[in-house]
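This report concerns only the one structure given below.
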Amino acid sequence: MKKQKVIEKIKNDPLFALRHSAEHIMHMAVEDLFQGAKKVMGPPIESGFYGDFDYNGKITEEDFLSIEQKMQDIVDANLAIVVREASYKELKEIFQDNPYKWEMIEDLEKNKEKATVCEIGEKGSKYYDIDLCAGNHVARTSDVKAFKLLSVAGAYWRGSEQNKMLTRIYATAFDSKEGLDEYLNILEEQKKRDHRNINKNLEVFALFEEVGPGLPIWLPNGMIIREELERWGKETEEKWGYVRVSSPFMAKRKIFELSGHVPYFEDEMYKVTVPGEQEDEYFIKPMNCPFHHMVFKSKPRTYKELPLKIAEYGTVARYENRGAINGILRPRIFCQNDAHVYCSKEQAIDVFVEIVNLHKYYYDMLGLNNYHIELNLRDPTKMNKYHGNEEMWQKAEKITREALDKSGIKYTVVNEGAAHYGPKMDFKIKSAIGTEYGISTNQIDLYSPERFGLTYIDKDGKEKPVIVQHRAPLGSNERFIGFLMEHFSGNLPVWLCPIQVEIIPIGDKHEKYAQRVKEALKAKHIRVEVNDKAETMQSKIRDAQVKKIPYMLIVGDKEVEKNEVSVRLRTEENLGSKPLEEVVLKVEEMYLTKSLNLW
RNA sequence: GCCUGGGUAGUUCAGUGGUAGAACGCUUCCAUGGUAAGGAAGAAGUCGAGGGUUCAAUUCCCUCUCCAGGCUCCA
17 MKKQKVIEKI KNDPLFALRH SAEHIMHMAV EDLFQGAKKV MGPPIESGFY
67 GDFDYNGKIT EEDFLSIEQK MQDIVDANLA IVVREASYKE LKEIFQDNPY
117 KWEMIEDLEK NKEKATVCEI GEKGSKYYDI DLCAGNHVAR TSDVKAFKLL
167 SVAGAYWRGS EQNKMLTRIY ATAFDSKEGL DEYLNILEEQ KKRDHRNINK
217 NLEVFALFEE VGPGLPIWLP NGMIIREELE RWGKETEEKW GYVRVSSPFM
267 AKRKIFELSG HVPYFEDEMY KVTVPGEQED EYFIKPMNCP FHHMVFKSKP
317 RTYKELPLKI AEYGTVARYE NRGAINGILR PRIFCQNDAH VYCSKEQAID
367 VFVEIVNLHK YYYDMLGLNN YHIELNLRDP TKMNKYHGNE EMWQKAEKIT
417 REALDKSGIK YTVVNEGAAH YGPKMDFKIK SAIGTEYGIS TNQIDLYSPE
467 RFGLTYIDKD GKEKPVIVQH RAPLGSNERF IGFLMEHFSG NLPVWLCPIQ
517 VEIIPIGDKH EKYAQRVKEA LKAKHIRVEV NDKAETMQSK IRDAQVKKIP
567 YMLIVGDKEV EKNEVSVRLR TEENLGSKPL EEVVLKVEEM YLTKSLNLW
């Protein structure tokens, strides 16, 4: 679990104890209302808590009201909450018919850890509960001032697909009604910022049942964003010494066997069958790496060519779990800002630092500053997930850590999530709403060079293996743009806006002038449209605001007369009337410099 | 893939065992406006798909499909 850090943070939350107690109260209420429901466990989480139950019937959101009422009853009863130590023997007696608790007790016993219980109320009274529990609590149930159940979900016991699916209830609790209301408001706001909601106004992509899940169609507006972003990526890579290639969107099984993907990912690869041709199986490519390795191999390489940076905007297909699909943040086909850098052992660290710097450049330009690296190492409990020998892994890890230290970027280490061929670094960015995204990834790979026989002739005339670094600073167009939509809440930087300027003629008679303004902007390649609907100016302004168009140029009698336009920004600032030329130049400047400001 | 809930006009949603409604949007007309919604009329739906129960199904039941929130996963 990547949860250690999060848990630390949660434990420092002043509401931790209160939520923990609220969770016990919820368990009591559920066991009271649903015969046979067994409490399993439930910790406080960021901004709330959840509780898991084993219950053979259904608990749905319709039951929330009665559960909440029962909880309120327990809160009103003002029961004492006491935590004390307990013997394994006592515990096993208490939980003799609860296999989950039993399992936890046995774990404690095995590790010789102290066991504590939490008792709420007095034995024999209307409400009484005793539970295996290690944690802080508030003193009395009445300290839980405000709570709300939020959703039901299924969750596997101990997080494993092999285990039984339990019923999980998500909820939250606060020390005041105001705190709760504020939080519920934030949830509402987050929902509005969901890229799928923003998409309704921005018209970036469209999904259809007939096309298939996870297969978005890019609409004209989306395509503008995408092409601006790609152009920037390509220009930047050119400056940073990358060369571009293009690889076929499908290939024979053989190459994916060579890359080592088949044993781990065959189930998630789209197979292509060719009628009448049985000998070869083809897959739609799920990644670009093997092809770039082949580019490297297309002729003998020497030290003079290194580092060789091979880039491609490559579209890949992965049959993602149905439940993992989410708008364009997690589709089944996506286009990566991909490249592989081939270098010598000696160059590896400098190359890595350069890649980190490239990330920094991109993120700075977009004004994203809340990011860090997560270094994903092998999960010691799942060693069968990884290729290569121990020595290779140790070496890769050593280089990676050295490189990270030298780059000076902040990073956290997680013992999980490595790629099958090597340690992985994920760039995690926190969006403006606080959601964290794995937006880009970077990997130092010693495995592929060995598999593919990727070598170069060094100065001393000897053939040596290269080191490969996988990188995709702009992630995939899909996820990156979805992220940007949410981060900016739809208010994209001017250069990425599908429509940069909306011209709003006040009346019919101003339309001719509006067209002239339009032509002046178009001459500078600014994306502009005239709203010539039979509507009031106010209504046209509203339309533009909703579409998050950065500049609204209002033209009426006064402007026509002076050859000016009245400038309103989507920030609702009214800059007043300005000469047309000045406005054109300003917008052009903001566009070309990729400014994050509007004026 | 698993758990829970859902699918009604382009969108957000109401509603019903006797084949449907609102708001916004769209089209047309009127209004010619000064910084977030002027007025009127009109078009628009195989009530996700298939099967079953019924005299009758959008409504009840089953299967499939798609969507949402979780769990698991993300080369």
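The numbering of the first sequence is this note's numbering, which starts it at 17 and goes up by one. Where a beta carbon is used, it is the ideal one built from N, C-alpha and C, also for glycine. Nothing here was measured: the structure is a model prediction, and the numbers come from that model.
Please state the DSSP three-state secondary structure of residue i.
i	result
D559	helix
S37	helix
M381	helix
R487	strand
Q85	helix
G339	helix
S158	helix
C351	strand
V576	helix
Q459	strand
M17	Residue confidence is low: M17 scores 32 on pLDDT, short of 50, so the model does not pin down where it sits. Its coordinate-derived value is still stated next. If DSSP states are grouped into helix, strand and coil, M17 belongs with coil.
A550	coil
L314	Note that residue 314 is Ser in the sequence shown, not Leu. Here S314 sits in coil by DSSP.
E604	helix
T397	helix
L148	strand
N215	helix
A327	strand
L49	helix
G170	strand
Take the Cβ of residue i as the centre, count every other Cβ of all protein chains shown within 10 Å, and call the residue buried at 16 or more, exposed below.
i	result
I121	buried
M181	exposed
N386	exposed
K414	exposed
I233	exposed
K556	buried
M441	buried
E226	exposed
E597	exposed
N547	buried
V367	buried
I570	buried
Are residue i and residue j close, meaning C-beta to C-beta below 8 angstroms?
i	j	result
V583	Y607	no
P439	I460	yes
I97	V46	no
E580	E545	no
S263	G330	yes
Y71	T183	yes
I371	R487	yes
Y286	F299	yes
A33	V154	yes
L148	K117	yes
N431	L462	no
N237	E219	yes
G67	I146	no
G137	L95	yes
I344	G454	no
A102	V133	yes
Hey, could you find the ends of the alpha helix (DSSP H) residue i is sitting in?
i	result
Q178	Looking at the DSSP string, Q178 is not in any alpha helix (DSSP H), and its letter there is neither H nor E.
Y280	V278 to F281
A530	E527 to K538
T416	E406 to S423
P521	Run containing P521: none in the alpha helix (DSSP H); it sits in the beta strand (DSSP E), V517 to P521.
E138	That residue, E138, is in no alpha helix (DSSP H); it is neither H nor E in DSSP.
P115	P115 to K126
D191	Unbroken run through D191: none, as it is neither H nor E.
L345	No alpha helix (DSSP H) contains L345, which DSSP labels as neither H nor E.
T428	Where T428 is concerned, there is no enclosing alpha helix (DSSP H), although the beta strand (DSSP E) it sits in stretches over Y427 to V430.
From which residue to which residue does the beta strand (DSSP E) around residue i run?
i	result
E580	E580 to L585
G67	G64 to D70
R100	I97 to E101
P595	N590 to P595
F443	K440 to K446
Let me check you understand the geometry: is the CB of residue i closer than 7 angstroms to at least one non-hydrogen atom of the ligand SAH?
i	result
N179	Here there are no bound small molecules, and the ligand SAH is not part of this structure.
### Query
Do the region 350 to 363 and the region 487 to 501 touch if we need at least three Cβ pairs shorter than 8 angstroms?
yes
### Query
Counting Cβ pairs, one atom from each stretch, are 3 or more of them under 8 angstroms apart for the region 468 to 485 and the region 209 to 219?
no
### Query
Taking contact to mean at least 3 C-beta pairs separated by less than 8 angstroms, is the region 320 to 328 in contact with the region 249 to 264?
yes
### Message
Tell me whether the region 501 to 511 and the region 522 to 530 touch, counting them as touching only if at least three CB pairs, one residue from each stretch, are closer than 8 angstroms.
### Response
no
### Query
Can at least three beta-carbon pairs, one atom from the region 36 to 45 and one from the region 76 to 93, be found at a separation below 8 angstroms?
yes
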